[in-house]
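Peer 1: Count the sequence shown with mature numbering (1 follows the signal peptide of the UniProt record, and there is no 0) and you get residues -21 to -1, 1 to 89, in order.
Have a look at this one before I ask anything.
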Amino acid sequence: MNVLKVSFAVSILTLSSLVMAEGGSDRVYGRMMQENQRAMEQYALKNGKANPEIVHYKYGMNLDIQKVVSITQANKTCSVAPARMTYEDSAGKLNTLEYRVWGTYCQDGG
């Protein structure tokens, strides 16, 4: 069941998109991550939960995802960029997973 949830979350992440102008993408992503962090801190406060600690994804991690709270959008370039998913685990604890995702605007080479 958890594998299905993780697969679903990853599918959503890759289908999301963010319109970006060329150049300055580091600043854009930095700002996006800061805004996401503030929003998740407000969510935690509103719901009586501890602020989520940001954990960097490592291949093979065992994820306990019960409810996806927030997912940052993928970029509309053809490059790798940071993204975050905040979720509640089976104990109700908030967790934020940071990972890298390939952009959604890659032209077919054929």
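Using N, Cα and C, we set each Cβ at its ideal position, and we do this for glycine too.
Can residue 80 and residue 64 be called in contact, C-beta distance under 8 Å?
Peer 2: Taking the first residue of the sequence shown as 1, we reach residue 80 at position 101. Taking the first residue of the sequence shown as 1, we reach residue 64 at position 85. The answer is no: Cβ separation not under 8 Å.
Peer 1: Taking the straight line between their C-alpha atoms, what separation do you get for residue -3 and residue 13?
Peer 2: Locating residue -3 in the sequence shown gives position 19, where the first residue counts as 1. Locating residue 13 in the sequence shown gives position 34, where the first residue counts as 1. Caution is warranted here: a pLDDT of 38 is assigned to residue -3, below 50, making its placement in the model unreliable, and the coordinate value is therefore given only provisionally. Rounded to whole angstroms, residue -3 to residue 13 spans 18 Å at the Cα level.
Peer 1: Who are the near neighbours of residue 56 in its chain, counting only those whose CB is closer than 6 Å to its CB and skipping five residues on each side?
Peer 2: Along the sequence shown, read from residue 1 onward, the residue named residue 56 stands at position 77. A distance below 6 Å between beta-carbons, with the five flanking residues on each side excluded, links residue 56 to the following residues of its chain, in chain order: 82, 84.
Peer 1: How would you label residue 40, buried or exposed, when you count the other beta carbons within 10 angstroms and need 16 or more for buried?
Peer 2: Walking along the sequence shown from the start, residue 40 turns up at place 61. Under this definition residue 40 is an exposed residue.
Peer 1: How is residue 71 classed by DSSP in three states: helix, strand or coil?
Peer 2: As a first step, residue 71 is located in the sequence shown; it is residue number 92 there, counting from the start. Residue 71: coil per DSSP, three-state reduction.
Peer 1: Using the Cβ count rule (16 or more neighbours within 10 Å means buried), how would you classify residue 26?
Peer 2: Counting from one through the sequence shown, the residue named residue 26 turns up at place 47. Looking at its Cβ environment, which holds fewer than 16 other Cβ atoms inside 10 Å, residue 26 is exposed.
Peer 1: Compute the Euclidean distance between the alpha carbons of residue 77 and residue 31, then round it to the nearest angstrom.
Peer 2: On the sequence shown, residue 77 is found 98 positions in, with the first residue counted as 1. On the sequence shown, residue 31 is found 52 positions in, with the first residue counted as 1. So the alpha carbons of these two residues sit roughly 12 Å apart.
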